[in-house]
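All residue numbers for the sequence shown refer to our numbering, where the first residue is 1174 and numbers rise by one.
Note that beta-carbon positions come from the ideal geometry of N, C-alpha and C, so glycine has one too.
This report refers to the structure that appears directly beneath it.
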Amino acid sequence: MSKNACEILISNGRVITMDAARTIYTTGAVAVTDSRIVEVGADDELRSKYDAGQTIDAAGAIVHPGFIDAHNHIVHTTCPGVYGNSQEVDSSTIQLADWKA
């Protein structure tokens, strides 16, 4: 049987899904084509099903398909230096409310 093509196969990861059953594949894989996730499943199943242009070995790390990290520290990203040293609480007299206004 011929394999399906995919651009990227992320394999050998601990894949945490957000499906209704909250499935976790302790040794899982994620197939990606055209910047879209096409399938998530057990590593051995996806390796036998897909012929990948690139395979990324997750080396047992957590893979969370579809997760978007919108977490942001405004101090570090939009105005470096404005707040002084972010490690020292009292290093700046500017307050976020004043800056935002």
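Cα-Cα separation, residue i to residue j
| i | j | result |
| --- | --- | --- |
| T1199 | T1228 | 18 angstroms |
| I1197 | N1185 | 13 angstroms |
| A1234 | L1182 | 14 angstroms |
| P1238 | R1187 | 11 angstroms |
| A1215 | M1174 | 19 angstroms |
| R1195 | E1218 | 19 angstroms |
| I1210 | R1220 | 15 angstroms |
| I1189 | I1241 | 13 angstroms |
Residue from the options with nearest C-alpha to residue i
| i | options | result |
| --- | --- | --- |
| A1178 | E1212, H1237 and A1231 | E1212 |
| K1222 | S1208, D1192, V1203 and A1232 | V1203 |
| S1208 | D1242, E1180 and F1240 | E1180 |
| V1236 | M1174, G1201 and R1195 | G1201 |
| G1226 | A1193, T1206 and I1189 | T1206 |
N-terminal and C-terminal residue of the alpha helix (DSSP H) that residue i is part of
| i | result |
| --- | --- |
| R1209 | Not the alpha helix (DSSP H): R1209 falls in the beta strand (DSSP E), residues R1209 to A1215. |
Same chain, Cβ closer than 6 angstroms to residue i, five either side skipped, listed in chain order
| i | result |
| --- | --- |
| D1224 | K1176 and A1178 |
Beta-carbon contacts of residue i that lie in its chain and below 8 angstroms, excluding the five residues immediately before and after
| i | result |
| --- | --- |
| D1230 | S1184 and N1185 |
Close beta carbons around residue i, own chain, < 7 angstroms, minus the five adjacent residues each side
| i | result |
| --- | --- |
| M1191 | G1239 |
| A1232 | N1185 |
Element boundaries [beta strand (DSSP E), containing residue i]
| i | result |
| --- | --- |
| D1230 | Y1223 to D1230 |
Beta strand (DSSP E) runs wholly inside the region 1180-1205, at least 3 long, in chain order: none
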